[in-house]
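Colleague:
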Amino acid sequence: MELGSTEVGTVINLPLITVDWTWTPLDTGDPDVVDPWLNHVSIIGDHFVVVAFAWKAPPDNQSVYAWTSEDAVEWVRTELEIPQGEVMNSVIMTGGELIGLGQQTASGAMYPKLWRFDPDESWKTMEFETPGIDLHDVNIYGVAVNGAGMLLGAGLDVYRTDEPITFEAKGFRFELDDIEGRFEVTEADTGRLVTAGRWADLYRWNEEGQAIYVTETAALITIVPWEVWDGIYPTFSPLPIPVVAAGEIPSRQSIEWDGYLVTVDDSQDLFVVTRNDQVITEGRLQDLYRGPSPSFTDRASDELAVSFTWDEWDSVINAAYEGYNGVSHVRHESQQLILFSSDGKTWSRRILSEDHNTHLESVATVGNTFVVNLVEHSDYGPRRSVFLSADGIEWRQIETTGSEYADVIQPGPHGLIAISWGADEPAVTTSDDGIDWTNALTLGPQNDNREGWLRLVASGDLGRAALATLSPAPPHENLRITVGGRTAEFGGLEWALRITETLSGDVLLEAGWSEIEEAYSSGDPPFASYENGATTLFSRDGEALMVISDELAFEAMEEQAASNQAQADHVLFLEIDGNWHEVEFPDDNTPETLALGTDVIVVGTMNYPPYSATSPATNQLGVLTGKLR
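Quick note, the sequence shown lines up with residues 132 to 760 if you use our numbering.
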């Protein structure tokens, strides 16, 4: 492959290394899994490990899949089912261990949760007790291990209320904290606690579909799946230009489900549910979307204590907020912090910053030293500080050089490696100590009008690696649709829409974005209108030039996406003994994760199905293993 101006120092073209690649598909083994996505690939001792996350159909629990192999040929799958109220967000390899970072719900609040992966025994929950340290709403971003213990990089970025909203109504006192997400109800005269819970429980959102309730009793009638409910709204043209509706879109729409006819009227804010021409319930459309009005059950007796209509509830809530006279009782709380433990049980905390413009970029180890990267953003660009410690207790802070735009920082046996997105072209930047950084490889413009961007970096026993994608530079392949002897083209640099005679090439219309948008917004005759699943394109004189069905439009969009994808290539660069090389890389797989062993390259792949509005498909996971010849 011609690399154009891809360069290391002043070298224009890199020597080519041939690698024997083997691709193995990875299957979750569960037909209920939809669109799993890869999160991590690493090498633990003699084991190769690939990790993916997925969400199953209701009850919508998360599953974590891990495939392990000793030879990168035969893979064994294990599954961890995450209970509701918990989530694993990411997986990080450090100190020869694989650590899962996530959160769990306790007493209505979110707290950190950690897992440790053993290739022989799968996942185990780690003990994580922090007495005296409040980790409410704290997210763990990274983890690093050295001989002294374990270091966690964490952050807190929340809005809290100094005072909850309080009011009395119907003999009860209500305390509502919409920022903290909780409520409490007590008897006004005795102070006895009646009930308490999450703010979200007051509004009964249903993930499965639009729930239909009896207005007066809140009894559930049926649940219309979202994919069915969405059909109640008028459709619009899929073409990438402003399109007006032909004729008037009726505000009154109906849909049938489960033997019921549900009719909504946006203009009147009304809905009605009938069955066999008999009215089952009716009411305001906004109340249908919000669900049953709030009601509160006494914890002690399990009986209804008090209830409100939506009008009553809106009235008392609005009055309560007006009582604050517009004074804000909300504060923004931000912390970037680290947690250290020498035994995995007792933890200490150090707050590095309370500036909301600062974020903790990464934690890692270089040699036996903890390295924490902290980035402060300002109008003058990012400023990076590094905190260093050998024991996790005594720290020193140093400003780094050359790493202002470093991202995706990865540790390894050769120090740190990262992707730099500075004012220059994308570059691979490296550091031996976490303080001083140097660009090791710069990816510039290609001589075939393609742009390159770095996606992945890794460091291992074999050396350092970087994976880039080359794709067509703008203008991309335009959307073209031919019907009735004419061709419409969308998305040119000097025009938004061009219509030509297909055989002769005679131009019938060229219209720019500003002209089309002006006609759309001013009420002048439009260039496009939509009705009954088809878009009509007009000349400036109002003559209908083409009629494009939604089906034809979607087919053309699929072809456009496939054409642009076919012009993209993935390029792998490998540094061995201080010298960079290009590695032959198969282009029929989309790389998502990267790891290096002693003599092998491991790439986790996730192939996306072709875009289709009518036939969705799930992602195909796989692993590429490459051995140098």
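Cβ coordinates follow ideal geometry from the N, Cα and C atoms, glycine included.
Please list, in chain order, all residues of the same chain as Y334 whose beta carbon is under 7 angstroms from its beta carbon, the five residues on each side excluded.
Modeller: Within the same chain, Y334 has close Cβ partners R421 and G422.
Colleague: From which residue to which residue does the beta strand (DSSP E) around W198 run?
Modeller: Counting along the chain, the beta strand (DSSP E) containing W198 begins and ends at Q193 to S200.
Colleague: Identify whether E358 lies in helix, strand or coil by the three-state DSSP scheme.
Modeller: E358: helix per DSSP, three-state reduction.
Colleague: Three-state secondary structure (DSSP) at F685?
Modeller: Helix, per DSSP.
Colleague: Once DSSP output is grouped into helix, strand and coil, what is the label at Q215?
Modeller: If DSSP states are grouped into helix, strand and coil, Q215 belongs with coil.
Colleague: Which class does V204 belong to by DSSP, given the choice of helix, strand or coil?
Modeller: Three-state DSSP puts V204 in coil, outside helix and strand.
Colleague: Give a yes or no on whether the C-beta atoms belonging to V734 and L755 are separated by under 8 angstroms.
Modeller: In this structure, L755 lies closer than 8 angstroms to V734 by Cβ.
Colleague: Would you kindly work out how many angstroms separate the C-alpha atoms of D408 and R313, rounded to a whole number?
Modeller: If I take the Cα positions, the gap works out to 42 angstroms.
Colleague: To which residues does DSSP link H508 through a beta bridge?
Modeller: BP columns for H508 point to P513.
Colleague: Looking at the structure shown, is N220 part of a helix, part of a strand, or coil, going by DSSP?
Modeller: Of the three classes helix, strand and coil, the one that applies to N220 here is strand, per DSSP.
Colleague: Which residues in the same chain have their Cβ closer than 6 angstroms to the Cβ of N570, if we skip the five residues on either side of it in sequence?
Modeller: So the list reads A558 and T560, once near-sequence residues are dropped.
Colleague: I'd like to know whether the C-beta atoms of E492 and I548 end up nearer to each other than 8 angstroms.
Modeller: Going by C-beta atoms, E492 is not nearer than 8 angstroms to I548.
Colleague: Could you give the DSSP three-state label for N449: helix, strand or coil?
Modeller: The answer is helix: DSSP assigns N449 an H, G or I state.
Colleague: For N277, collect the residues of the same chain with a Cβ closer than 7 angstroms to its Cβ; drop the 5 residues on either side in sequence, then sort them by chain order.
Modeller: G226, T496, N499 and F501.
Colleague: Residues bridged to P156 by DSSP?
Modeller: Per DSSP, G753.
Colleague: Going by Cα to Cα distance, which pick from H712, G615, R383 and H487 is closest to T667?
Modeller: It is G615.
Colleague: Specify the secondary structure class of L419 as computed by DSSP and reduced to three states.
Modeller: Helix, per DSSP.
Colleague: Thinking just about the alpha-carbon of each residue, which of A331, T297, D332 and R329 is nearest to the one in E318?
Modeller: Comparing Cα positions, the closest option is T297.
Colleague: Please work out which residues of its chain come closer than 6 angstroms, Cβ to Cβ, to D261, disregarding the five sequence neighbours upstream and downstream, and give them in chain order.
Modeller: A quick correction: the sequence has Thr, not Asp, at residue 261. Only W478 meet the Cβ criterion.
Colleague: Can you give the beta carbon distance from D592 to L725, rounded, assuming they're within the 8 angstroms contact cut?
Modeller: Not really, about 14 angstroms apart at Cβ, beyond 8 angstroms.
Colleague: Suppose you measure from the CA of Q341 to the CA of E525; what does that come to, to the nearest Å?
Modeller: Approximately 56 angstroms between the Cα atoms of the pair.
Colleague: Given that a residue counts as buried once 16 or more other Cβ atoms are within 10 Å of its Cβ, and exposed if not, what is N720?
Modeller: That one is buried.
Colleague: Among residues of its own chain, excluding the 5 on either side of D151, which ones have a beta-carbon nearer than 7 angstroms to its beta-carbon?
Modeller: Cβ within range, chain order: G757, K758 and R760.
Colleague: How do the segment 228–245 and the segment 480–491 stand: do at least 3 beta-carbon pairs fall below 8 angstroms, yes or no?
Modeller: Verdict: no, contact absent.
Colleague: If you follow the beta strand (DSSP E) that W388 is in, where does it begin and where does it stop?
Modeller: Taken as a continuous stretch (DSSP letters only), the beta strand (DSSP E) holding W388 covers R383 to W388.
Colleague: First and last residue of the alpha helix (DSSP H) that includes S432?
Modeller: Careful: S432 lies outside any alpha helix (DSSP H) and carries neither H nor E.
Colleague: Assuming contact is defined by CB atoms lying nearer than 8 angstroms, are V195 and V181 in contact in what I supplied?
Modeller: Not closer than 8 angstroms, so no.
Colleague: Would you tell me roughly how many angstroms separate the C-alpha atoms of T633 and D567, rounded to the nearest one?
Modeller: For T633 and D567, the distance between alpha carbons rounds to 59 angstroms.
Colleague: Whose C-alpha, out of Y511, L676 and R586, is nearest the C-alpha of T613?
Modeller: Comparing Cα-Cα distances from T613 to each of Y511, L676 and R586, the minimum goes to L676.
Colleague: Just list the residues that DSSP pairs A240 with in beta bridges.
Modeller: A240 pairs with A237.
Colleague: Say whether chain D places a C-beta atom closer than 8 angstroms to the C-beta of R617.
Modeller: Looking at the structure shown, chain D is missing, and only one protein chain is on hand.
Colleague: Can you give me the C-alpha to C-alpha distance between A627 and T600, rounded to a whole angstrom?
Modeller: The straight-line gap from Cα to Cα measures roughly 28 angstroms.
Colleague: For L598 and L585, I'd like the C-alpha separation in whole angstroms.
Modeller: Their Cα atoms are separated by approximately 6 angstroms.
Colleague: May I ask you to report which of helix, strand or coil DSSP gives D408?
Modeller: In the structure shown, D408 sits in coil (DSSP, three-state: anything other than H, G, I, E or B).
Colleague: Helix, strand or coil: which one does DSSP assign to N720?
Modeller: In the structure shown, N720 sits in coil (DSSP, three-state: anything other than H, G, I, E or B).
Colleague: Since V269 and F303 should fall inside the 8 angstroms C-beta cutoff, what is the C-beta to C-beta distance between them, to a whole number of angstroms?
Modeller: The pair is not a contact, with the Cβ atoms about 34 angstroms apart (cut-off 8 angstroms).
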